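Visitor: So that we are looking at the same thing, I have put the structure below in structure tokens.
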Amino acid sequence: MTSEVAPVRLRDDPDFRRYWVARVLSIIGSMVTAVALPVLVYRLSGSTFLTALTTALEAAPYLLTGLFAGALSDRWDRQRVMVSADLVNALLIGSIPVAHLLGVLTVAQVLVIGFAVQAVFTFFDGANFGALPVLVGRARVAQANSAVWTASSLVELFVPA
1 MTSEVAPVRL RDDPDFRRYW VARVLSIIGS MVTAVALPVL VYRLSGSTFL TALTTALEAA
61 PYLLTGLFAG ALSDRWDRQR VMVSADLVNA LLIGSIPVAH LLGVLTVAQV LVIGFAVQAV
121 FTFFDGANFG ALPVLVGRAR VAQANSAVWT ASSLVELFVP A
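1 is the number of the first residue of the sequence shown in UniProt numbering; add one for each residue after it.
This is the structure in structure tokens:
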């Protein structure tokens with residue numbers, strides 16, 4: 001005799017709620033960074049070339065490390081990869097105001113950080129891709145993706161970047 005347990009609604013699942021909140025905060029941070037770094041480079045240098053280079057360096061890691069990062073992220077503990085990636089990115093981005101306060105911030109540092117942040121994010125993204133089905137179960141992946149991407153779209157509309 002087996003009894004079927006009704007599945008927990010996604011919004012009532014505490015694990016998914018924690019994941020969703022963390023993901024939305026991460027998306028907000030990524031969006032602000034993607035806009036702030038080129039603006040910062042322009043303010044530091046006045047160079048449109050270096051500003052464009054910043055944007056290019058933020059895009060390059062997916063091409064250069066995406067497959068590698070995805071393969072490794074599949075082999076490692078996904079939660080640990082995601083948390084570690086966000087912590088490393090917080091340290092990288094946090095070094096910018098510290099360097100500014102110390103009077104040692106350079107354009108080169110911002111360019112390297114722009115590339116490094118996105119390179120680290122490719123590991124996060126690879127782990128995230130595989131983590132969601134494990135977290136919510138295959139039957140609810142579409143619903144979970146919908147919740148995450150709806151939030152992402154709303155962030156793009158309402159968060160001033």
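For every residue, glycine included, the Cβ atom is placed at its ideal position computed from N, Cα and C.
For clarity, every value in this text was computed on a predicted model and none was experimentally measured.
Between which residues of its own chain and S45 is the CB-CB distance below 8 Å, once the five residues before and five after are set aside?
Guide: Along the sequence shown, read from residue 1 onward, the residue named residue 45 stands at position 45. Excluding positions up to five away in sequence, the list reads T51, V107.
Visitor: Measure the Cβ-Cβ separation of G29 and R78 and say whether it is below 8 Å.
Guide: Stepping through the sequence shown from its first residue, residue 29 is reached at position 29. Stepping through the sequence shown from its first residue, residue 78 is reached at position 78. No, Cβ-Cβ distance for G29 and R78 is not below 8 Å.
Visitor: Taking the alpha carbon of A127 as the point to measure from, which residue in V83, L105, Q118 has its own alpha carbon closest?
Guide: Position 127 of the sequence shown, counted from the start, is the residue given in the question as residue 127. That would be V83, whose Cα lies nearest to the Cα of A127.
Visitor: Do S47 and F123 come within 8 Å of each other at the CB atom, strictly closer than that value?
Guide: By one-based count along the sequence shown, residue 123 stands at place 123. By one-based count along the sequence shown, residue 47 stands at place 47. No; because the gap between Cβ atoms is not below 8 Å, this pair is not in contact.
Visitor: Would you check if there are 3 or more beta carbon pairs closer than 8 Å linking the segment 86-100 to the segment 128-148?
Guide: No, because fewer than three Cβ pairs between the segment 86-100 and the segment 128-148 fall closer than 8 Å, the two stretches do not touch.
Visitor: Are the beta-carbon atoms belonging to I93 and T55 less than 8 Å from one another?
Guide: If you number the sequence shown from 1, residue 93 lands on position 93. If you number the sequence shown from 1, residue 55 lands on position 55. For I93 and T55, no; Cβs fall outside 8 Å.
Visitor: How long is the line joining the alpha carbons of Q118 and R23, rounded to whole angstroms?
Guide: In the sequence shown, counting from the first residue as 1, residue 118 sits at position 118. In the sequence shown, counting from the first residue as 1, residue 23 sits at position 23. If you take the alpha carbons of Q118 and R23, they lie about 16 Å apart.
Visitor: Look up T33 in the DSSP assignment and say whether it is helix, strand or coil.
Guide: Here residue 33 refers to the residue found at position 33 when the sequence shown is read from its first residue. Residue state, collapsed to three classes: helix.
Visitor: Classify W76 as helix, strand or coil using the three-state DSSP reduction.
Guide: Here residue 76 refers to the residue found at position 76 when the sequence shown is read from its first residue. Coil, per DSSP.
Visitor: Can you tell me which of L154, E58, A116, F16 puts its alpha carbon nearest to the alpha carbon of L91?
Guide: Here residue 91 corresponds to residue number 91 of the sequence shown, with the count starting at 1. Nearest of L154, E58, A116, F16 to L91, Cα basis: A116.
Visitor: What is the rounded straight-line gap between the Cα of S146 and the Cα of S153?
Guide: Here residue 146 is taken as the residue at index 146 of the sequence shown, counted from 1. Here residue 153 is taken as the residue at index 153 of the sequence shown, counted from 1. Approximately 10 Å, taken between the alpha carbons.
Visitor: Need the endpoints of the alpha helix (DSSP H) that A144 sits in, please.
Guide: Numbered from 1 along the sequence shown, position 144 holds the residue referred to as residue 144. Here the alpha helix (DSSP H) through A144 covers 141-158.
Visitor: To which residues of the same chain is P133 closer than 8 Å at the C-beta, ignoring the five residues directly before and after it?
Guide: Locating residue 133 in the sequence shown gives position 133, where the first residue counts as 1. Answer for P133: V141, listed in chain order.
Visitor: When you compare each of E58, V155, A151 to R17 by their alpha carbons, which one comes out closest?
Guide: On the sequence shown, position 17 is the one that residue 17 refers to. The option with the nearest alpha carbon to R17 is A151.
Visitor: To the nearest angstrom, how far is it from the Cα of F121 to the Cα of M31?
Guide: Working through the sequence shown from its first residue, we reach residue 121 at position 121. Working through the sequence shown from its first residue, we reach residue 31 at position 31. Taking the straight line joining both Cα atoms gives about 12 Å.
Visitor: Flag this pair as yes or no: are the beta carbons of V110 and V21 separated by less than 8 Å?
Guide: Working through the sequence shown from its first residue, we reach residue 110 at position 110. Working through the sequence shown from its first residue, we reach residue 21 at position 21. Not closer than 8 Å, so no.
Visitor: What are the boundary residues of the alpha helix (DSSP H) that includes D125?
Guide: As a first step, residue 125 must be located in the sequence shown, where it is residue number 125. Note, D125: alpha helix (DSSP H), 107-136.
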